[in-house]
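The working numbering numbers the first residue of the sequence shown as 39 and each following residue consecutively.
To start, the structure itself, in structure tokens.
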Amino acid sequence: MSCCMARLVGDSGHVTAVDHINQLVNLLLTKLKVTYPKLYKLYKVMDVVDWDARKPYKKNGPYDVIHFGGGVKHIPLEFIPDLKINGSILVPVGPPYGPHILKKITLIKKNVYTIQNLAEVEALHFCSPEEQVMEFRQIYGHHFNKLFSLFYKPVQPYNATVTGQLQTYKLPDT
């Protein structure tokens, strides 16, 4: 997803890819060199950072878009202040091992945001690096490159009971 976004923004933008497992960061850089050598040479377009993605990464913010590659139990309100005005968060929200709703959260003005349900998806849940490495090694051995095809299963068609009206909320004052 990070490479797709980097290609979309081109020289005029910047992408920050975050993962909390060093082997996956190194794998992404290796795949980037091989698959997208031009993008790798234009490395100024993209940072690949070893960071716990469950916590906001403020260094390159505020952001136009924050995309979560894994599911979360609750809407991650702590990331909203890291958005530019009219910036959006795309995040699968739902129970671990259950269906998720892909939500779009947009900051419309300081401390005021909207939430829109986009689609039903299935996503692996964010977890600690230890849990992730242990679980994947138990299932897949040391073949970490197999992980990338598992992050999303195909998106279900839009469902009228899932997609709906835009809801507006206000963040509590800090």
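In this text, a Cβ means the ideal position worked out from N, Cα and C, and glycines have one as well.
query                                                                                                           : result
Own chain partners of T73 with C-beta closer than 8 Å, once the 5 adjacent residues on each side are dropped    : C41
L162 in three-state terms, based on DSSP                                                                        : coil
Close-in-space but distant-in-sequence residues of the same chain around G99 (CB under 6 Å, 5 per side omitted) : D120
Outcome for G107 when other beta-carbon atoms lying within 10 angstroms are tallied against a minimum of 16     : buried
V110: first and last residue of the uninterrupted alpha helix (DSSP H) it sits in                               : Counting along the chain, V110 falls outside any alpha helix (DSSP H), and DSSP gives it neither H nor E.
Range of the contiguous beta strand (DSSP E) that encloses S50                                                  : Careful: S50 lies outside any beta strand (DSSP E) and carries neither H nor E.
Cβ-based burial, Y135 [other Cβ within 10 Å; buried from 16]                                                    : exposed
Under the three-state DSSP convention, the category P137 falls into                                             : coil
Range of the contiguous alpha helix (DSSP H) that encloses N64                                                  : 60-73
S126 burial status per 10 Å Cβ neighbour count (16 or more: buried)                                             : buried
Pairwise C-alpha distance: Y95 and G51                                                                          : 17 Å
Cβ shell of V159 (< 6 Å), same chain only, five flanking positions each side left out                           : P130, H138, L140, V193
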